[in-house]
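*Asks:* Below is the structure I would like to discuss, written out as structure tokens.
There are 2 protein chains.
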Amino acid sequence: MKMSRDSGAATLSSSSARDLARAVLIHGPISRGDLGRRLGLSPASLTRLSKPFLDRGLFVEGSEDHDGTVGRPARPLDVRVDASRFIGVKVTGEGIFGVLTDLRANELSAAARPLGEHSVAHVVAQIAAVVHELGGPEGISGVGVCIGGNVTGSRIVTRAPFLGWRDVDLAGELEVVVGVPVSVENDVVALTSAEQWFGAGRGTPTFAVLTIGVGVGYGLVVNDQVIVTADSGLGLGGHIPLDATGPLCPDGHRGCSRAMLTSSSVCAQLGIALGREVGYDEVLDLAAHGNRAAMSVIGATGRALGRMIAVIANIAMLDTIVLSGEGIGLWDLVSDEIRAAARADRDPDATELRIVVDDSGLSAWARGAAGVAIQQSLGRLTSAG
Amino acid sequence: MKMSRDSGAATLSSSSARDLARAVLIHGPISRGDLGRRLGLSPASLTRLSKPFLDRGLFVEGSEDHDGTVGRPARPLDVRVDASRFIGVKVTGEGIFGVLTDLRANELSAAARPLGEHSVAHVVAQIAAVVHELGGPEGISGVGVCIGGNVTGSRIVTRAPFLGWRDVDLAGELEVVVGVPVSVENDVVALTSAEQWFGAGRGTPTFAVLTIGVGVGYGLVVNDQVIVTADSGLGLGGHIPLDATGPLCPDGHRGCSRAMLTSSSVCAQLGIALGREVGYDEVLDLAAHGNRAAMSVIGATGRALGRMIAVIANIAMLDTIVLSGEGIGLWDLVSDEIRAAARADRDPDATELRIVVDDSGLSAWARGAAGVAIQQSLGRLTSAG
DNA sequence: TAGATTCTTTCTACTCCGAAAAGAATCAAG
DNA sequence: CTTGATTCTTTTCGGAGTAGAAAGAATCTA
């Protein structure tokens, strides 16, 4: 028997409702018609599905977007982007970096803390300090944390070598302190998923994310699904042979991606040439000002990066690659060489690659963590209402 | 208003019905309960969905498979594998190779014809001759053709460099001659899809297919979907740098996968050493009998293959690789070196790779073509009834 | 002011699914 | 040989979700 008591409390938790919420979140203000086409649903279904979201104030109807065409103007749907704030945190061996974001993982402010020791209690305390510095946890809908290592169930860090952790319930411990839902994810998975929803991969069903910096990160999205395997936390993208004349990596591979692309490797190469220690930013600066040794090192790095891009495109069968990470500043110096090297290792008739650079550097990781929190929050919204 | 005229003519064409047909075809005799678990459907749905297939004689109920356990024995469903025969054909620059198969792409008999010239008419005639030699087209439910090059819509060869073809409606021309439905597909896509349905990839959601022989073929299946892109026919897997000390490929890449792994390259390398021309089988034979030069060449080839496997596993994020092609005979000689090389280029903590060898050689391609015809035929069955 | 056009909503019927109960076919025990 | 336990399958019934058609709404154009 049908209840008439609350006819507005329709589904909100079905698979279509979840898809709708996701589509609106990702594709900004968008009319019901466009949504119907995108999701493969009829206009009637869109009306039905969007009503509960509107009733609960999760969606707003945008201004009537009449762009000169005849006919009734579309009333685009959008999420109430100001309705909720999230905090994303990247944990490294040296410190905690956090950002405050809106519902679309746009950075509103940032904060950082150094990390003296690696005990769980200290890391949790420092994360909480960053959360407070960013104005939380009051008014915050969720906190996302990303970390280099294996994470299961978006909660437990099963293995984080750089912190010496095994099987730490980081989400649980942090929730006790901050009092809002916490999601934990592998850093590369978080970044990849955030690029898919909010970043350079928006609307692209298949693409790869390649980050360079302290390490080499590699994430893959195929047919709108982030690929996560048991090995996701291991950094498998760091073992690709790129240059047989390059330096050695810790595992003894000559010229593999870690040996060629990480900041420490680049600095070490130039350090040998100059006979003194240099930082990554200084390497870029020297190269930009014409220092021959620096240009040579950066050039070789760029060519290796181009080769890596080509291998990824060939093997993962895709044509869009997002570059990110703290070390991506070299793109501005040698983008032509990177592109040329990538093209040289592809078939001449192959599709031109689309290389997108996310130059938000360190904060890209933290925004990725926020993105994970946002996605989890969306799941809670649509399932519990 | 419901018609009672044909209450058994239930769906048969819904998405679930298609999934059911596929699952039964792939997983052999299987009970409704297992199917329900596999497809995520309730027992009630399985009864409903399987009824029309049983009514039309497309499925049979297997013998009651009571294996000692208590309770009512399961009545497993299976396709009528004897009900239909298919022919798969591989077209190369030198000849036509065809196989007769059952509904599961098992080879029943084989036939071959040389290909003197490459005109469309001649190729069509020779394919038709092979079909007749295999007992067709009477009693044949479909013919699949695979070919190295770009194919669209499972019908049109848009580009086949080794035949000098552009935009040839091979399916259409052949259907006129043989009178049964013809499907055309890129050879690597066909093989990959057949391995997924009927071969080594059965039940594995994500895996890669790597073939060596005249060329290097590479196919990818992620989350049960064969990855097909605009570049699928180009042989992108042939451009992976593997050995900086190796020979050159036609594009000038030193030690890339084509330069290292193709039969002609292997033969040429040993040919230089011995000062005479040798065939691929002879190279393997010499290596097996201890010829130092042959062992060296095969060893280097095996190590390159291992490195390629590692790159694929790392970049495509998978742990199962199917090796096939006419040149895979070297596996028997140097499997240990291949495995060792693959392991060396992976993270020490990474999942152990599952390397599966399909040693059916040339006929693997033709069975792949038959597999495509079978899949198309299944689509016709479930859509039209 | 009256169409024309386009977007959105309402109404209704249909498809598909699952939960629960009933039925069927076996084994085990008395 | 009967009874009960177990397991698989089928039937019944109601609910969730969808699309098609027609109506309604909001704009532009003549």
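In the order they appear, the protein sequences are chains Y and V. Start counting the first sequence at 937; every next residue gets the next number (this note's numbering). Start counting the second sequence at 937; every next residue gets the next number (this note's numbering). Don't be surprised by glycine CBs; every beta carbon is placed ideally from N, CA and C.
1) Measure the Cβ-Cβ separation of residue 979 of chain V and residue 968 of chain V and say whether it is below 8 angstroms.
2) On the DSSP bridge assignment, give the partners of residue 1154 of chain Y in chain order.
3) Exposed or buried, which one is residue 1057 of chain V when buried takes at least 16 other CB atoms within 10 Å?
4) Can you give me the C-alpha to C-alpha distance between residue 1163 of chain V and residue 1250 of chain V, rounded to a whole angstrom?
5) Which residue comes first and which comes last in the alpha helix (DSSP H) that contains residue 1122 of chain V?
6) The beta strand (DSSP E) that contains residue 1014 of chain V, what's its start and end?
7) Counting only runs that start and end within the segment 1035 to 1072 of chain Y, where is the alpha helix (DSSP H) found for 4 or more residues in a row?
8) Can you tell me whether residue 1090 of chain Y is helix, strand or coil according to DSSP?
9) Report whether the distance from the Cβ of residue 1122 of chain Y to the nearest heavy atom of the ligand NAD is below 7 angstroms.
10) In chain order, what are the residue ranges of uninterrupted alpha helix (DSSP H) at least 4 long that sit wholly in the segment 1225 to 1279 of chain V?
11) So which of V:1032, V:1190, V:1041, V:1151 has the shortest CA-CA distance to residue 1053 of chain V?
12) Is residue 1377 of chain V helix, strand or coil when you go by DSSP?
13) Please decide whether residue 1198 of chain Y counts as near chain V, where near means a Cβ-Cβ distance under 8 angstroms.
14) Using a Cβ-Cβ distance under 8 angstroms, would residue 1140 of chain V count as near chain Y?
15) Are the C-beta of residue 1177 of chain Y and some C-beta of chain V separated by less than 8 angstroms?
16) Any idea what DSSP makes of residue 1316 of chain Y, helix, strand or coil?
17) Applying a beta-carbon distance threshold of less than 9 angstroms, which residues of chain Y neighbour residue 1163 of chain V?
18) Going by CA-CA distance only, name the one from V:1284, V:957, V:1309 that's closest to residue 1172 of chain Y.
19) When the Cβ atoms of the segment 1267 to 1278 of chain Y are set against those of the segment 1175 to 1193 of chain Y, are three or more pairs found closer than 8 angstroms?
20) If you drop the 5 nearest sequence neighbours on each side, which residues of the same chain put their C-beta closer than 8 angstroms to that of residue 1005 of chain Y?
21) Please list, in chain order, all residues of the same chain as residue 950 of chain V whose beta carbon is under 7 angstroms from its beta carbon, the five residues on each side excluded.
22) Residues of chain Y with CB closer than 7 angstroms to the CB of residue 1287 of chain V, please, in chain order.
23) Would you verify that the beta carbon of residue 1247 of chain Y is, or is not, closer than 8 angstroms to some beta carbon of chain V?
24) Taking beta-carbon pairs under 8 angstroms, can you tell me which members of the segment 1226 to 1246 of chain Y lie near chain V?
25) Name the residue from Y:1065, Y:1304, Y:1055, Y:1108 whose alpha carbon lies nearest to the alpha carbon of residue 1047 of chain Y.
26) Quick check on the DSSP output: the beta strand (DSSP E) that includes residue 1113 of chain V runs from which residue to which?
27) Less than 8 angstroms between C-beta atoms, sequence neighbours within five positions excluded: which residues of the same chain meet that for residue 1189 of chain V?
28) Helix, strand or coil: how does DSSP classify residue 1020 of chain V here?
29) Rounding to the nearest angstrom, what Cα-Cα distance links residue 1227 of chain V and residue 1289 of chain V in this structure?
30) How far does the alpha helix (DSSP H) with residue 1164 of chain Y in it reach, from first residue to last?
31) Closest to residue 1298 of chain V by CA distance: which of V:1034, V:977, V:1007, V:1146 is it?
32) Check each candidate in Y:1168, Y:1107, Y:1240, Y:1221 and name the one with the smallest Cα separation from residue 1157 of chain Y.
33) Tell whether a beta-carbon distance below 8 angstroms holds between residue 1072 of chain Y and residue 1023 of chain Y.
34) If we cut at 8 angstroms on Cβ distances, does residue 1135 of chain V have a partner in chain Y?
35) Starting from residue 1290 of chain V and walking both ways along the beta strand (DSSP E), at which residues does that stretch end?
*Replies:* Considering the structure as presented:
1) yes
2) Y:1146
3) exposed
4) Going from the Cα of residue 1163 of chain V to the Cα of residue 1250 of chain V covers about 17 angstroms.
5) Counting along the chain, residue 1122 of chain V falls outside any alpha helix (DSSP H), though it belongs to the beta strand (DSSP E) covering 1118 to 1122.
6) 1013 to 1015
7) 1056 to 1069
8) coil
9) The ligand NAD is absent from the structure shown, which contains no ligands of any kind.
10) 1228 to 1252
11) When only C-alpha atoms are compared, the closest one is V:1032.
12) Beyond the ends of chain V as shown, which are 937 and 1321, falls residue 1377 of chain V; an answer cannot be given.
13) Residue 1198 of chain Y does not count as touching chain V.
14) no
15) yes
16) helix
17) 1142, 1158, 1159, 1252, 1253, 1254
18) V:1284
19) no
20) none
21) none
22) 1166, 1167
23) yes
24) 1243, 1246
25) Closest option to residue 1047 of chain Y, Cα to Cα, is Y:1065.
26) Here residue 1113 of chain V belongs to no beta strand (DSSP E); instead the alpha helix (DSSP H) covers 1106 to 1114.
27) 1175, 1177, 1195
28) coil
29) Take the alpha-carbon of residue 1227 of chain V and the one of residue 1289 of chain V: they are about 30 angstroms apart.
30) Here residue 1164 of chain Y belongs to no alpha helix (DSSP H), and DSSP marks it neither H nor E.
31) V:1034
32) Y:1168
33) The Cβ atoms of residue 1072 of chain Y and residue 1023 of chain Y sit closer than 8 angstroms to each other.
34) no
35) 1290 to 1293
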